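Working notes, structure below.
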Amino acid sequence: CLVTNNRAGIDGGGISCNWEVEAILSNCTIADNEATDPNAYGGGLYISYECDVEVIDSIIWGSRATNGAQIAIAAGSDLPRPSRLTISYSDIGPSYDPDESFDFGSTGSGGSGGSGSGTVLVEAQTIYDQFDAGQEKVKVIVSLLEPEELRATTDWDSPQSVDLLRAEIAGRQSTVLSSLTCEEFELRYQYENQAGFSGEVTVGCLSKLLDNPWVAHIEPVRELEWTLAQAIPLANALQARQVYDGTGVAVAICDSGFDYTHPMLGGGPFPNEK
Numbered sequence: 096c097l098v099t100n101n102r103a104g105i106d107g108g109g110i111s112c113n114w115e116v117e118a119i120l121s122n123c124t125i126a127d128n129e130a131t132d133p134n135a136y137g138g139g140l141y142i143s144y145e146c147d148v149e150v151i152d153s154i155i156w157g158s159r160a161t162n163g164a165q166i167a168i169a170a171g172s173d174l175p176r177p178s179r180l181t182i183s184y185s186d187i188g189p190s191y192d193p194d195e196s197f198d199f200g201s202t203g204s205g206g207s208g209g210s211g212s213g214t215v216l217v218e219a220q221t222i223y224d225q226f227d228a229g230q231e232k233v234k235v236i237v238s239l240l241e242p243e244e245l246r247a248t249t250d251w252d253s254p255q256s257v258d259l260l261r262a263e264i265a266g267r268q269s270t271v272l273s274s275l276t277c278e279e280f281e282l283r284y285q286y287e288n289q290a291g292f293s294g295e296v297t298v299g300c301l302s303k304l305l306d307n308p309w310v311a312h313i314e315p316v317r318e319l320e321w322t323l324a325q326a327i328p329l330a331n332a333l334q335a336r337q338v339y340d341g342t343g344v345a346v347a348i349c350d351s352g353f354d355y356t357h358p359m360l361g362g363g364p365f366p367n368e369k
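Per the working numbering, numbering of the sequence shown is gapless, rising by one per residue and ending at 369.
Here you go:
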């Protein structure tokens, strides 16, 4: 038999044996399958709840899962129901590479989100250049897998609905942050409405985050400089100033380093009627 290029949201990307199954897998190739949930077990083969499985003359290779990339054996979540697996004349691999990281993408699971396809480490050279320059820690922004289905059903006019989303986000943040030590990571900001945070990482911490299946993207903190000499004429601000002096006008959005003591903004102190 050939079981290849399959995906499962939870357990058993290739084959899942549950609840007292007795199975013999002979002359089978189970390869390049994936269990996508961040808490999934058994990318190739999953066995649980008093199953008895024998694998003979088979190849289990190149599958992916957070727990047990090729094979996972469990007893079940409610009652202890241990399973048994017998393997003979079979090849299982490849061997574990501690430096390898995966972008699991969208899980298709109600409990987890997904980042889609793409590179986990964004602008990697910018980050590593700072380490090469002698910095012990580098500022980064870490984006986690988003609870997309929960976000899609969130009612932003309902405090209870928003609290559910924020609790899920906080849980994901806590799962990742609890795996880091204060020596290797310094938290700068923890977001409330999006699954992510910013902080300063050592090179070892960066590798640890890249190996974490909850992490969707890591990118450097970018510092931007305002180009008012170009922005003012492009926005026709000079013409607007000739017509409006601020009378009867309230500022709706102030998104950068504006001078709140300017006469057209109330002249200070802050806050004021403007």
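Where is the CB? At the ideal position from N, CA and C, for every residue including glycine. Computed from a predicted structure; not experimentally measured.
For C112, count the other beta carbons within 10 Å of its own beta carbon; 16 or more makes it buried, fewer makes it exposed. Which is it?
buried
Counting along the chain, where does the beta strand (DSSP E) carrying E318 start and finish?
Where E318 is concerned, there is no enclosing beta strand (DSSP E), given that its DSSP letter is neither H nor E.
Is L97 helix, strand or coil by DSSP?
strand
Residue range of the beta strand (DSSP E) that G343 falls in?
Here G343 belongs to no beta strand (DSSP E), and DSSP marks it neither H nor E.
Whole angstroms are fine: how far does the CA of A118 sit from the CA of S153?
14 Å
Applying the criterion that 16 or more other CB atoms from any shown protein chain within 10 Å of the CB defines a buried residue, is Y123 buried or exposed?
Note that residue 123 is Cys in the sequence shown, not Tyr. Buried is the call here.
Opening and closing residue of the beta strand (DSSP E) in which Q285 lies
F280 to Q285
Span of the alpha helix (DSSP H) around K303
V298 to L305
By alpha-carbon positions, which one of V271, G343 and V310 ends up nearest to T214?
V310
Bridge partners for Y141 per DSSP, in chain order?
S111 and A167
Less than 8 Å between C-beta atoms, sequence neighbours within five positions excluded: which residues of the same chain meet that for E279?
V296, T297, G299, C300 and K303
Tell me the rounded alpha-carbon separation between S158 and G138.
5 Å
Is the beta carbon of T124 within less than 6 Å of some heavy atom of the ligand GDP?
The ligand GDP is absent from the structure shown, which contains no ligand whatsoever.
For the beta strand (DSSP E) containing E379, name the first residue and the last one.
Coverage of the chain is limited to positions 96 through 369, which leaves residue 379 absent and any answer about it impossible.
Rounded separation between G229 and I222 - CA only
12 Å
What do you get for D132, buried or exposed, if any count of 16 or more other CB atoms within 10 angstroms of its CB means buried?
buried
Could you check the C-alpha separation between A130 and L140 for me, to the nearest Å?
10 Å
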